[in-house]
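Visitor: What follows is a single structure, and I will ask about it in a moment.
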Amino acid sequence: MITYLKKNQDGATWLVAVATDQTASSIILESGQPVISMGGWSGSDDAMTLAKLKSLVKSGKLHYIVIGDSGQSSSNSEISTWVRKNGTAVGDYSGLYRLDASDVG
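Have a look at this one:
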């Protein structure tokens, strides 16, 4: 997945946004690229808001988000719902979605 993300980063500041610090740290170490942890250590913190995520996508700073169903806070659940509705699933990678400025309403 990291090879795919780097190849398709398209000038974004962030390689990907993920649910937990644990996932983010392993991707950072392997890729050498900045990664957003949306839910803190366990994925249950409200470290990312939907408004902030939309702003990052709209500005082109973020294109890829990995979402899942476990350990989500209410904010992360709202984000997951929005991403599933507006993003494009990347078929080869479970939970990986691409979002572009045109996806932000």
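Start counting at 1 in the sequence shown, then tack on 170, and there's your number in this note's numbering. All residues carry an ideal CB built from backbone N, CA and C; glycine is no exception.
1) Would you mind working out which of 200, 253 and 246 sits nearest residue 215, comparing C-alpha positions?
2) Would you identify the three-state DSSP class for residue 260, choosing helix, strand or coil?
3) I'd like to know whether the C-beta atoms of residue 220 and residue 248 end up nearer to each other than 8 Å.
4) Measure the C-alpha to C-alpha separation of residue 241 and residue 190 and round it to an integer number of angstroms.
5) For the candidate residues 274, 270 and 275, whose alpha-carbon lies nearest to that of residue 181?
6) Using the Cβ count rule (16 or more neighbours within 10 Å means buried), how would you classify residue 257?
7) Whose CA, out of 204, 218 and 203, lies closest to the CA of residue 210?
Guide: Reading from the atomic positions:
1) 246
2) coil
3) yes
4) At residue 241 the pLDDT is 46, less than 50, meaning the model places this residue with poor confidence and gives no usable figure here.
5) 270
6) buried
7) 218
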